[in-house]
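2 protein chains.
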Amino acid sequence: MSKIGFIGLGIMGRPMAGHLMAAGHELVTYVKGGSLNNELAEKGMVALDSPKAVAEQAEIIITMVPDTPDVEEVLLGEQGVIEGLKPGTLVIDMSSIAPIPTQAIAKRITDAGGEFLDAPVSGGEGGAINAALTIMVGGPEASFQRALPVLEVMGKTITLIGDHGAGQICKVANQIVVALTIQATAEGLLFASKAGADVSKVREALLGGLAQSKILDVHGERMINRTFDPGFRIRLHQKDLNLALESARTLDLSLPGTANAQQLFQGCAANGGADWDHAGLVRALEELANHEIGS
Amino acid sequence: MSKIGFIGLGIMGRPMAGHLMAAGHELVTYVKGGSLNNELAEKGMVALDSPKAVAEQAEIIITMVPDTPDVEEVLLGEQGVIEGLKPGTLVIDMSSIAPIPTQAIAKRITDAGGEFLDAPVSGGEGGAINAALTIMVGGPEASFQRALPVLEVMGKTITLIGDHGAGQICKVANQIVVALTIQATAEGLLFASKAGADVSKVREALLGGLAQSKILDVHGERMINRTFDPGFRIRLHQKDLNLALESARTLDLSLPGTANAQQLFQGCAANGGADWDHAGLVRALEELANHEIGS
Numbered sequence: 007m008s009k010i011g012f013i014g015l016g017i018m019g020r021p022m023a024g025h026l027m028a029a030g031h032e033l034v035t036y037v038k039g040g041s042l043n044n045e046l047a048e049k050g051m052v053a054l055d056s057p058k059a060v061a062e063q064a065e066i067i068i069t070m071v072p073d074t075p076d077v078e079e080v081l082l083g084e085q086g087v088i089e090g091l092k093p094g095t096l097v098i099d100m101s102s103i104a105p106i107p108t109q110a111i112a113k114r115i116t117d118a119g120g121e122f123l124d125a126p127v128s129g130g131e132g133g134a135i136n137a138a139l140t141i142m143v144g145g146p147e148a149s150f151q152r153a154l155p156v157l158e159v160m161g162k163t164i165t166l167i168g169d170h171g172a173g174q175i176c177k178v179a180n181q182i183v184v185a186l187t188i189q190a191t192a193e194g195l196l197f198a199s200k201a202g203a204d205v206s207k208v209r210e211a212l213l214g215g216l217a218q219s220k221i222l223d224v225h226g227e228r229m230i231n232r233t234f235d236p237g238f239r240i241r242l243h244q245k246d247l248n249l250a251l252e253s254a255r256t257l258d259l260s261l262p263g264t265a266n267a268q269q270l271f272q273g274c275a276a277n278g279g280a281d282w283d284h285a286g287l288v289r290a291l292e293e294l295a296n297h298e299i300g301s
Numbered sequence: 007m008s009k010i011g012f013i014g015l016g017i018m019g020r021p022m023a024g025h026l027m028a029a030g031h032e033l034v035t036y037v038k039g040g041s042l043n044n045e046l047a048e049k050g051m052v053a054l055d056s057p058k059a060v061a062e063q064a065e066i067i068i069t070m071v072p073d074t075p076d077v078e079e080v081l082l083g084e085q086g087v088i089e090g091l092k093p094g095t096l097v098i099d100m101s102s103i104a105p106i107p108t109q110a111i112a113k114r115i116t117d118a119g120g121e122f123l124d125a126p127v128s129g130g131e132g133g134a135i136n137a138a139l140t141i142m143v144g145g146p147e148a149s150f151q152r153a154l155p156v157l158e159v160m161g162k163t164i165t166l167i168g169d170h171g172a173g174q175i176c177k178v179a180n181q182i183v184v185a186l187t188i189q190a191t192a193e194g195l196l197f198a199s200k201a202g203a204d205v206s207k208v209r210e211a212l213l214g215g216l217a218q219s220k221i222l223d224v225h226g227e228r229m230i231n232r233t234f235d236p237g238f239r240i241r242l243h244q245k246d247l248n249l250a251l252e253s254a255r256t257l258d259l260s261l262p263g264t265a266n267a268q269q270l271f272q273g274c275a276a277n278g279g280a281d282w283d284h285a286g287l288v289r290a291l292e293e294l295a296n297h298e299i300g301s
């Protein structure tokens, strides 16, 4: 069992940290401008004064924070992890952040004598609670093997994609594919509905052929049953597609479908839907068609 | 066993008709401006002078022709099926044509004393050869039950979607979903490749989560292995998306993703790719990015 520093106790981080404690690991944390959640404190988690203080105690440090600047602040900022880093400490960033800055962060941690992995997840709150996250990892093979027993406590499909940044690249690719497959499902079912067909039967028939996808199955059903409680929130998918489109600009890459899907998410947000499940993308198309699926 | 009129002996129609003869049905046909394929003649198929002559002999008539005007000509034109139609003859149009004209064709056949089903297929040449087509049917339940033993000789997943036209609506929805899922796969893998990740590993990781689709599996592999022999030709998918976009205009429906995918197929066609497999959509994006997946 390891002494693990876990920074970032939000919707995802809380259950993930809970699994690690349940597995017998000793956890310390730093809570920015707040106090430690009672439930986690009762399970034995200890809050320290700074990420630096966390680094001085932990063998493994996991970060699970909202965005690129948050990771940079916790790891590289004043009183940050890098100031207290012991030789050989393994830093695992499980946040979903930009791939290119990730490579720079990895270099800073490695140069300071630590090891670094980017290990973003997919599977949402449900995946975190059920320890069934998909984890996409970038970094050296040896660090991956060292992290594996810890990652296996939180996730199911855990893949080493490549070197530093490759985990974040894979996560962005995942969010691109998911967004466009949601739009695929939305346009297909909306067409069928407005043309007068029974969308439930259309969905079933399509699941039997080349159009099959997990999204057509799960999100297609949400579109038909009108259940748009998250799930995965549109505002978070907007953040991820923003990463995709910013990275694409840096990479000289044109992603017309991704840009299109992002505009539809923005159309949802403009109609009060930033906290709908991302299957709610269909509602932007429904607005344009003046028609709701199944009506 | 029935006497079946089968009109339209192209890439799809030939193996489909072959399966029907192998199952013991007696087949007659009309070949427009040509002569009957030797192989089919040797198996016992007889060519008659007109669709009208076919109708005078057959209990069931199947059409498998390229587009809406072709179906209209064969069924409703001069010397067409409708002129020779016997009371109670079942007409099954297995072509992929426009849903709204299909309803008008169904009315003409029904008013003339026949029964009508629209029963377009997906699964391509491979599905036709292996008798594994997905068949999406529109029309009355009783006609569907009557057709089922014949359809089961050619296909596997056979679904009654709804009334006349619903089969064609479902087929169009299928082609919308397939095209956009191809674009989803293309943008995700191209992003990963241009950002420097191993696309094979990205594809594998994504297949384990919410991004999973049959297209990511099959067409994703084609994009990585650079195998763009059809399969399903871009020119045929262009025809289907044209149907989708024309119908959408009639229906007051906005399909921004479908329009986008169609433009990318046109970009492929402009570069000599009309006969590439539809996974070749990725090449239009690769042109824009000046980067080929895996390079």
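Going line by line, the protein sequences match chains A and B.
Using this note's numbering, the first residue of the first sequence is number 7, and each one after it goes up by one.
Using this note's numbering, the first residue of the second sequence is number 7, and each one after it goes up by one.
The beta carbon of each residue, even a glycine, is placed where N, CA and C say it ideally should be.
Model, not experiment: these values are computed from the prediction.
Collapsed DSSP secondary structure at residue i in the structure displayed
i         : result
B/Asp-246 : helix
B/Asp-76  : helix
A/Ser-149 : helix
B/Arg-223 : Note that residue 223 of chain B is Asp in the sequence shown here, rather than Arg. Looking at B/Asp-223 - three-state DSSP - the assignment turns out to be helix.
A/Arg-232 : coil
A/Val-156 : helix
A/Lys-38  : coil
B/Val-71  : coil
B/Ala-295 : helix
B/Leu-207 : First, the residue type needs correcting, since residue 207 of chain B is Lys and not Leu in the sequence shown. Note: B/Lys-207 maps to helix in three-state DSSP.
B/Ser-128 : strand
A/Ala-290 : helix
B/Lys-49  : coil
A/Glu-84  : coil
A/Lys-58  : helix
A/Glu-32  : strand
Residue j beta carbon less than 8 Å from that of residue i
i         : j         : result
A/Ser-128 : A/Gly-14  : no
A/Ser-253 : A/Ala-104 : yes
B/Gly-94  : B/Gly-237 : no
B/Ile-88  : B/Ile-106 : no
A/Ala-206 : A/Ile-230 : It should be pointed out that residue 206 of chain A corresponds to Ser in this sequence rather than to Ala. In contact: A/Ser-206 and A/Ile-230 (Cβ atoms closer than 8 Å).
B/Gly-144 : B/Ala-172 : yes
A/Gly-273 : A/Glu-293 : yes
B/Val-299 : B/Ser-219 : The sequence shown places Ile at residue 299 of chain B, rather than the Val named in the question. Cβ distance not < 8 Å, so B/Ile-299 and B/Ser-219 don't count as in contact.
B/Met-7   : B/Glu-32  : yes
A/Arg-228 : A/Asp-283 : yes
B/Gln-268 : B/Gln-244 : yes
B/Ala-203 : A/Ile-167 : yes
B/Pro-21  : B/Ala-118 : no
B/Leu-291 : B/Ala-137 : no
B/Thr-108 : B/Thr-140 : no
A/Gln-181 : A/Leu-247 : yes
Partner residues on chain A for residue i, Cβ-Cβ distance less than 7 Å
i         : result
B/Asn-266 : Pro-262, Gly-263, Asn-266
B/Ala-203 : Ile-167, Gly-168, Ala-172, Ile-175, Cys-176
B/Lys-200 : Leu-257, Leu-259
Opening and closing residue of the alpha helix (DSSP H) in which residue i lies
i         : result
B/Gly-263 : 262 to 276
A/Phe-197 : 172 to 200
A/Phe-312 : Any property of residue 312 of chain A remains undetermined from this structure, which presents chain A solely from 7 to 301.
A/Asp-117 : 105 to 117
B/Gly-161 : Here B/Gly-161 belongs to no alpha helix (DSSP H); instead the beta strand (DSSP E) covers 161 to 168.
B/Leu-26  : 19 to 28
Limits of the unbroken beta strand (DSSP E) element including residue i
i         : result
A/Val-143 : 139 to 144
A/Val-97  : 96 to 99
A/Gly-14  : Neither: A/Gly-14 is in no beta strand (DSSP E) and is coded neither H nor E.
Contacts that residue i makes with chain B (C-beta to C-beta distance below 8 Å)
i         : result
A/Asn-296 : Asp-258
A/Gly-194 : Ala-179, Asn-180, Ile-182, Val-183, Leu-186
Contacts that residue i makes with chain A (C-beta to C-beta distance below 9 Å)
i         : result
B/Leu-291 : Leu-259, Ser-260, Leu-261, Pro-262, Gly-263
B/Phe-197 : Ile-175, Val-178, Ala-179, Ile-182, Ala-250, Ser-253, Ala-254, Leu-257, Leu-259, Leu-261, Thr-264
Residue i: contacting residues in chain B (beta-carbon distance under 9 Å)
i         : result
A/Thr-191 : Val-183, Leu-186, Thr-187
A/Thr-69  : Going along chain B, no residue has its Cβ under 9 Å from A/Thr-69, so there is no contact; the nearest lies around 21 Å.
Contacts of residue i in chain A (Cβ-Cβ under 8 Å)
i        : result
B/Thr-74 : Under the 8 Å cutoff, chain A gives no residues; its nearest Cβ is about 15 Å from B/Thr-74.
For this session: Would you list, in chain order, the members of the segment 169 to 185 of chain B that have their beta-carbon closer than 7 Å to a beta-carbon of chain A?
Result: So the list reads Ala-172, Ile-175, Cys-176, Val-178, Ala-179, Asn-180, Ile-182, Val-183, Val-184, given in the order they occur along the chain.
Exercise. Got a sec: which bits of the segment 94 to 111 of chain B sit with their beta carbon under 9 Å from any beta carbon on chain A, in order along the chain?
Worked result: So the list reads Pro-105, Ile-106, given in the order they occur along the chain.
For this session: Output, in sequence order along the chain, the residues in the segment 142 to 164 of chain A whose CB is closer than 7 Å to any CB in chain B.
Result: Result list: Met-142, Thr-163.
Problem set entry | Selection of the segment 232 to 258 of chain B by Cβ proximity to chain A, strictly under 8 Å | Going along the segment 232 to 258 of chain B in chain order, one finds Ala-250, Ser-253, Ala-254, Leu-257, Asp-258 with a Cβ nearer than 8 Å to chain A.
Problem set entry | Contacting positions in the segment 205 to 224 of chain B - beta carbon closer than 8 Å to chain A | Listed in chain order, the positions of the segment 205 to 224 of chain B with a beta carbon within less than 8 Å of a beta carbon of chain A are Lys-207, Val-208, Glu-210, Ala-211, Leu-212, Gly-214, Gly-215, Leu-216, Ala-217, Gln-218, Ser-219, Lys-220, Ile-221, Leu-222, Val-224.
For this session: With 8 Å as the limit, tell me which residues of the segment 116 to 138 of chain B have their beta carbon closer than that to any beta carbon of chain A; keep them in chain order.
Result: Those would be Ser-128, Gly-129, in chain order.
Problem set entry | Contact list for the segment 28 to 53 of chain B against chain A, Cβ threshold 8 Å | For the segment 28 to 53 of chain B, which is checked against every Cβ of chain A, not one residue is closer than 8 Å.
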